[in-house]
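If you read the sequence shown in our numbering, its first letter stands for residue 1387, the second for the next number, and so on.
Backbone N, C-alpha and C fix where the C-beta goes; we use that ideal spot for every residue, glycine too.
For reference, the structure discussed in these notes is given below.
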Amino acid sequence: MRIVRSRLRTAAVVYALTTSVYATVSWERLGSPSRDNHFSYLADSILHGRLHLEGAPPHRNDWAKYQDRWYVSFPPFPTFLMLPGVAAFGLGFLDRLLVVLLSGLGPALSFLVLRALVDRGNSSRSERDDLMLTGLLSFGTVYFFCAVQGSVWYVAHVVALPLFAGYLLASLDARRPVLAGALLGCAFLTRTPALFAFPFFLLEARRDPDRRAAIRKVLLFALPLAAVGALTMWMNHARFDDPFEFGHRYLQVRWTGRIEKWGLFNYHFLSKNLSAAFTLLPWLSREAPFVKISNHGLSLLVTTPVFAWLLWPAARPGLHRTLWITTACVAIPSLFYQNTGWVQFGYRFSNDYSLLLVMLLATGARPLGRAFKAACIVALAVNLFGAITFDRMPRFYDGDMTARNVFQPD
């Protein structure tokens, strides 16, 4: 019990420190609502007993239109968190302030996940090592720039991380199947790809030598997921007359024709998404500001070069295979999606599985030596630059708004 209390105190310190940094970098944004506060509009609609907006949206950036009504097609769980604030303050609710207050929860719970791996014998990292890895996740990945934005696309990443971390904690040894299913369902209602992390629980349940107990755990895990699925299908049907239509097909965006031709997921999009995830580099020039970044972002190996250490683990414990399978299940669908994550500083869809990659670093047992720490410092510097400049200093970013410029134009 003393160890638990000590660990919770450390997690609380992690929350306080990370939230303070995010708030400092966000700064002037905290005093006003986001221009892209879609979740507040959906909350206002729900409070007035409807799922569609009253009239037209304030602008035409990522709203869905169906039968002359406008909708928010993004998964709705963040909206539920904003309902009290919108009820009290209306559409003037400071949604960005709430997001910053939530932003430290993910890192705090991720620290607890890493310590739980030590308890299970999957990791031999010290608490200091796990704090370093937590700092890497917090400030050395694209989570950093997402945490300080407060607009609809990045809010989902901030809300999803603590739900995902809680799901992983509840899934270890399949100890809390109902809680694991509920948290994964909420994560799915925040970031759709999170649902594809279900193999983590199934593979953990499979380790139970009692076959009946394992089946019972899986059924209990499935119950809240089924409830979330029923709610989702009802909302889809109520809005779009189709229980399987989430609404992104009706987004009024520049590339509606592309979606109509190829669909939301297609092999056609794979090469561009692979580029955004793994090969995009900064654009260099002899003219100020000497460096520019594509609106499709930077490669994961530029924003977080430490992930290269995943290729050479010193150990492969039993959880190693489970983590890689789960990472692949979550990551691969986004590689076929019609959007790279544009507009972004780095490949933001990696937030869906960055915690899994950090867990792989923890279980891989390779010493966190000088080279690793140097790579961490590079990651911190790169992502601090992104957190400060993104959506503030357009001179560092490509001005093309057609989404056609992936690589540096000639």
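Where DSSP assigns a beta bridge to Gly1441, which residues make up the other side?
BP columns for Gly1441 are empty, so no partner.
Which complete alpha helix (DSSP H) runs does the segment 1513-1577 hold, if anything under 4 residues is left out?
As far as the segment 1513-1577 is concerned, its whole alpha helix (DSSP H) runs of at least 4 residues are 1513-1525, 1529-1533, 1538-1557 and 1563-1574.
Would the segment 1521-1539 and the segment 1685-1693 be scored as touching if the rule is three or more Cβ pairs under 8 Å?
At 8 Å Cβ cutoff, the stretches touch.
Here's the rule I'm using: 16 or more other beta-carbon atoms within 10 Å means buried, otherwise exposed. How should His1682 be labelled?
It counts as buried.
In or out: Gln1638 buried (at least 16 other Cβ within 10 Å) or exposed?
Under this definition Gln1638 is an exposed residue.
Mind reading off the beta-carbon distance from Leu1549 to Thr1576? Whole number of angstroms is fine, and I expect it under 8 Å.
Their Cβ separation, rounded to whole angstroms, is 6 Å, which keeps Leu1549 and Thr1576 in contact under 8 Å.
Figure out for me which residue from Leu1605, Val1534, Leu1650 and Gly1492 has the closest Cα to the Cα of Ala1573.
The residue with the shortest Cα to Cα distance from Ala1573 is Gly1492.
Can you list, in chain order, the residues of its chain with a C-beta nearer than 6 Å to that of Thr1465? Leave out the 5 residues immediately preceding and following it.
Here the set comprises Phe1425, Leu1428 and Ala1429.
Starting from Trp1456, trace the alpha helix (DSSP H) both ways and give me its first and last residue.
Where Trp1456 is concerned, there is no enclosing alpha helix (DSSP H), although the beta strand (DSSP E) it sits in stretches over Arg1455 to Tyr1457.
Taking Pro1461 and Ala1542 to be in contact with their CB atoms under 8 Å, please state how far apart those CB atoms are, rounded to whole angstroms.
Indeed, because the Cβ distance is near 7 Å, the residues count as touching under 8 Å.
Leu1611 and Gly1567: beta carbons closer than 8 Å?
It is a contact, given that the beta carbons lie within the stated cut-off.
Tell me whether the beta-carbon of Leu1721 lies closer than 8 Å to the beta-carbon of Leu1766.
Not in contact: Leu1721 and Leu1766 (Cβ atoms no closer than 8 Å).
Are at least three pairs of beta-carbons, each pair with one atom in the segment 1639-1656 and one in the segment 1724-1736, less than 8 Å apart?
A contact exists between the segment 1639-1656 and the segment 1724-1736.
Are there 16 or more other CB atoms within 10 angstroms of the CB of Asp1454, so buried, or fewer, so exposed?
By the neighbour-count rule (16 or more Cβ atoms within 10 Å), Asp1454 is not buried but exposed.
Quick one: what does DSSP say Trp1669 is sitting in, helix, strand or coil?
It is a strand residue.
Would you identify the three-state DSSP class for Gly1772, choosing helix, strand or coil?
Gly1772 falls in the helix class under three-state DSSP.
Closer than 6 Å by C-beta to Gly1536: which residues in its own chain qualify, once you throw out the five before and the five after it? Chain order, please.
Around Gly1536: Arg1415, Ser1420, Arg1482 and Val1485.
Less than 7 Å between C-beta atoms, sequence neighbours within five positions excluded: which residues of the same chain meet that for Ala1600?
Cβ neighbours of Ala1600 beyond the five flanking positions: Ala1591, Arg1592 and Asp1594.
List the whole-angstrom C-beta distance separating Asn1737 from Tyr1529, where the pair is believed to meet the contact cut-off of C-beta under 8 Å.
Contact holds; Cβ gap of about 5 Å.
Distance check for Ser1512 and Phe1475, CA to CA, integer angstroms please.
Roughly 45 Å between the two C-alpha positions.
Check each candidate in Ser1740, Thr1749 and Arg1672 and name the one with the smallest Cα separation from Gly1704.
Considering only alpha carbons, the answer is Thr1749.
Work out the CA separation of Met1787 and Ser1412 for me, nearest whole Å.
Rounded to whole angstroms, Ser1412 to Met1787 spans 24 Å at the Cα level.
The alpha helix (DSSP H) that contains Tyr1401, what's its start and end?
From DSSP, the alpha helix (DSSP H) with Tyr1401 extends over Arg1388 to Ser1412.
Assess contact between the segment 1752-1762 and the segment 1771-1779, defined as three or more Cβ pairs (one per stretch) separated by less than 8 Å. Is contact present?
No, the segment 1752-1762 does not touch the segment 1771-1779.
Keeping to the same chain, check which residues put their C-beta closer than 6 Å to that of Phe1664; ignore five residues upstream and five downstream.
Around Phe1664: Ser1685.
If I follow the unbroken alpha helix (DSSP H) through Ala1450, where does it start and stop?
Segment Ala1450 to Tyr1452 is the beta strand (DSSP E) holding Ala1450; no alpha helix (DSSP H) there.
Please state whether the Cβ-Cβ distance between Leu1488 and Tyr1457 is less than 8 Å.
Taking 8 Å as the Cβ cut-off, Leu1488 and Tyr1457 do not qualify as a contacting pair.
Helix, strand or coil for Leu1503 per DSSP?
It is helical.
Among Val1400, Ala1580 and Ala1624, which one has its Cα closest to the Cα of Leu1742?
Selected option, being the one with the closest Cα: Ala1580.
Decide if Ile1679 is buried, meaning its Cβ has at least 16 other Cβ atoms within 10 Å, or exposed.
Classification for Ile1679: buried.
Quick one: Cα of Met1518 to Cα of Ser1431, how far?
Using only the alpha carbons, I get a separation of about 43 Å.
Roughly how many whole angstroms lie between the Cα atoms of Ala1551 and Arg1672?
Each residue's Cα considered, the two are about 44 Å apart.
Start and end of the alpha helix (DSSP H) containing Pro1579?
That residue, Pro1579, is in no alpha helix (DSSP H); it is neither H nor E in DSSP.
Please report the straight-line C-alpha distance between Met1468 and Phe1479, rounded to a whole angstrom.
The alpha-carbon atoms of Met1468 and Phe1479 are separated by roughly 8 Å.
If the criterion is Cβ atoms closer than 8 Å, does the pair Phe1531 and Phe1731 meet it?
Yes, the pair counts as a contact, with Cβ atoms nearer than the cut-off.
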